[in-house]
Amino acid sequence: MELRHLRYFTVLAETLNFTRAAELLHMAQPPLSRQISQLEEQVGTLLVERERPLRLTEAGRYLYEHTCTLLGQLQTISDNTRRIGERKRQWLGIGFAPSTLYADLPELIRALRSDEGLELGLSEMTTVQQVEALKSGRIDIAFGRIRIDDPAIYQQVLREDPLVAVLPSGHALAGKALALEQLAKEPFVLYPANPRPSYADHVLALFAQHGMSIKVSQWANELQTAIGLVAAGLGVTLVPSSVQQHRTGVEYAALLDPSAVSPIILSRRTGDVSPIVQRCLALVERESSASS
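Per full-length UniProt numbering, residue 1 is the first one in the sequence shown, and the count goes up by one each step.
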């Protein structure tokens, strides 16, 4: 699909009149009709029922709804690109692991958005994806929970998030603070299954550091899926304390081991002293001090 075809189609969808749409587009009606026909050929279905009164097909309504969103996003991209080019705003690409949204990241994003000189680009990413995006320059900073050993990436721990156990409601261990030894006897639901290294490796390493191993009864791709599987009775799991929320079918239990934590980690390119990154780091430091 060509962008011009989508623009023509949007005007037609809003007017439902070829003559009026052609006038608004400053073109003759026959060329507009041909452009719409070309678009229909490209998508492989009719978008407009041409009998009077003209109306959109179901496929046409779907395309119109999503095209409006797309064109709005393109306009925003165009405006922001111009502002950045005119040095009225600076672009800051941020990658984040979903679980960091339960911690301090939303407050930090709000603080960054309040800076009129910054234009943020937010991308949900795994740790592996964050490393690749930092090295390629697609993002400038990243927030995650996994430590990595890569000389090209510098990491700093913003804070340690205590881990809590997630148990099925009515479990024999519910309602008390637990030792890792007690949990090691239980079947575990771990996440994510891929890509590795991941939070799952962090949990496995925690038990290994104490000379224990756990039996994984089920793998999940996402945190909320893992909690749902715990509720279904497939095992127990560990989550950062900032993640715990009311959910039927599960109970949370504190851990006695002080080393059972999940860090919130900021990652950036080693040696990156660009003004935009330093500006962000200063704000992170200010927000971290305010929340401590």
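By construction, the Cβ of each residue, glycine as well, lies at the ideal position given by its N, Cα and C atoms.
(message) Can you list, in chain order, the residues of its chain with a C-beta nearer than 7 Å to that of alanine 254? Leave out the 5 residues immediately preceding and following it.
(response) Numbered from its first residue, the sequence shown carries residue 254 at position 254. Counting only Cβ-Cβ distances below 7 Å, and skipping sequence neighbours, we find Val164, Ala177.
(message) Which residues does DSSP list as the beta-bridge partners of valine 216?
(response) The count along the sequence shown starts at 1 and reaches residue 216 at position 216. Bridge partners of valine 216: Phe188.
(request) Would you be able to state if there are at least three C-beta pairs under 8 Å between the stretch 232 to 244 and the stretch 66 to 79? (result) no
(message) Please return the same chain residues whose Cβ sits closer than 7 Å to the Cβ of valine 261, not counting the five positions on each side in sequence.
(response) One-based indexing of the sequence shown puts residue 261 at position 261. Cβ within range, chain order: Glu160, Asp161, Pro162, Leu163.
(message) Please report the distance separating the alpha-carbon of isoleucine 265 from that of leucine 24.
(response) As a working note, residue 265 is residue 265 in the sequence shown. As a working note, residue 24 is residue 24 in the sequence shown. Cα-Cα distance, rounded: 52 Å.
(request) Could you check what DSSP says for valine 273 in three-state terms: helix, strand or coil? (result) As a working note, residue 273 is residue 273 in the sequence shown. Coil.
(message) When you compare the stretch 204 to 224 with the stretch 184 to 192, are there three or more beta-carbon pairs, one atom per stretch, that lie closer than 8 Å?
(response) yes
(request) Helix, strand or coil for isoleucine 94, going by three-state DSSP, please let me know. (result) The count along the sequence shown starts at 1 and reaches residue 94 at position 94. Three-state DSSP puts isoleucine 94 in a strand.
(message) If distances are taken between C-alpha atoms only, which option among Glu132, Asp115, Ile141, Ala184 comes closest to leucine 122?
(response) Here residue 122 corresponds to residue number 122 of the sequence shown, with the count starting at 1. The candidate whose alpha carbon is nearest that of leucine 122 is Ile141.
(request) Can you give me the start and stop residues for the beta strand (DSSP E) that serine 114 sits inside? (result) Taking the first residue of the sequence shown as 1, we reach residue 114 at position 114. Here serine 114 belongs to no beta strand (DSSP E), and DSSP marks it neither H nor E.
(request) Taking the CB atoms as reference points, tell me whether tyrosine 8 and glutamine 35 lie closer together than 7 Å. (result) For the purposes of this step, residue 8 is taken as residue 8 along the sequence shown, with counting starting at 1. For the purposes of this step, residue 35 is taken as residue 35 along the sequence shown, with counting starting at 1. Closer than 7 Å, so yes.
(request) Any chance you could list the beta strand (DSSP E) runs of at least 3 consecutive residues sitting entirely within the stretch 240 to 274, in chain order? (result) 250 to 254, 261 to 269
(message) Starting from proline 168, trace the beta strand (DSSP E) in both directions and tell me its first and last residue.
(response) Taking the sequence shown and counting its residues from 1, one reaches residue 168 at position 168. From DSSP, the beta strand (DSSP E) with proline 168 extends over 153 to 168.
(request) Have a look at alanine 28 and threonine 19 and give me their C-alpha separation to the nearest angstrom. (result) Within the sequence shown, numbered from 1, the residue matching residue 28 stands at position 28. Within the sequence shown, numbered from 1, the residue matching residue 19 stands at position 19. Those two C-alpha atoms are separated by around 8 Å.
(request) Taking all protein chains shown into account, decide if methionine 1 is buried (16 or more other Cβ within 10 angstroms of its Cβ) or exposed. (result) For this step, residue 1 is matched to residue 1 along the sequence shown. Counting Cβ neighbours within 10 Å, methionine 1 comes out exposed, since fewer than 16 surround it.
(request) Note down the Cα distance separating proline 258 from leucine 206, rounded to an integer number of angstroms. (result) The count along the sequence shown starts at 1 and reaches residue 258 at position 258. The count along the sequence shown starts at 1 and reaches residue 206 at position 206. Whole-angstrom Cα-Cα distance: 11 Å.
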